[in-house]
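Reading the sequence shown from the start, the letters are residues 2 to 137 in my numbering.
C-beta atoms are modelled at their ideal positions from N, C-alpha and C, and glycine is treated no differently.
Only a predicted model underlies this, so the values are computations on that prediction, with no experimental measurement involved.
The structure appears below as structure tokens.
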Amino acid sequence: MIQHFVYLSSDSTVPLGPGVPIPEAFQPGAAPPGRLILDPLSRRVWVAGTEVNPALSVPQFRLLEALYNHRGSVVARQDLVVAVWGDEEATGVSEQALDALVRRLRDRLAGLDNTHEYLLTVRGYGLRLDNPPARP
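The structure is reproduced here in structure tokens:
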């Protein structure tokens, strides 16, 4: 079943559009809510209450989504390659391509919140998404 969400303002009558901070009541996939919020249905991302705009590229979103779905756990580099480029393409993807993608995604996230490193490297294995609680 596909679910669709409508973002409403505090008076529940005015729909919110792009660029409007995400309502506190809607925290997709986050328990407890973190400073990074990802909505896979609309492919939108918020960092520290601000929507990432322009939107992430498809590979950047896939990488972030793979890490977001395993928040706090280390995800192996090869699993990330498959999540981003798929099984068939994974054999031809170099380590440098993943490194470059991670670097670009880190830069995008840091542009909105330079007080925290969201993508943590675990040497010799992979990456982990650190999503601290949202600030009050």
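- By the Cβ criterion, the stretch 102-117 is in contact with the stretch 47-65, since at least three pairs of Cβ atoms, one from each stretch, lie closer than 8 Å.
- Judged by beta-carbon spacing, L102 lies beyond the 8 Å limit of L57, meaning their Cβ atoms are not closer than that value.
- For R129, the secondary structure class from DSSP, reduced to helix, strand or coil, is strand.
- For the pair L39 and Y69, the CB atoms are nearer than the 8 Å cut-off.
- Straight-line measurement puts the Cα of A135 at about 28 Å from the Cα of D100.
- Distance from Y126 to V75 at the Cβ level is roughly 6 Å; contact confirmed, criterion being Cβ atoms closer than 8 Å.
- Each of V94, D88, A67 and E52 was checked against the Cα of L128, and the nearest Cα belongs to A67.
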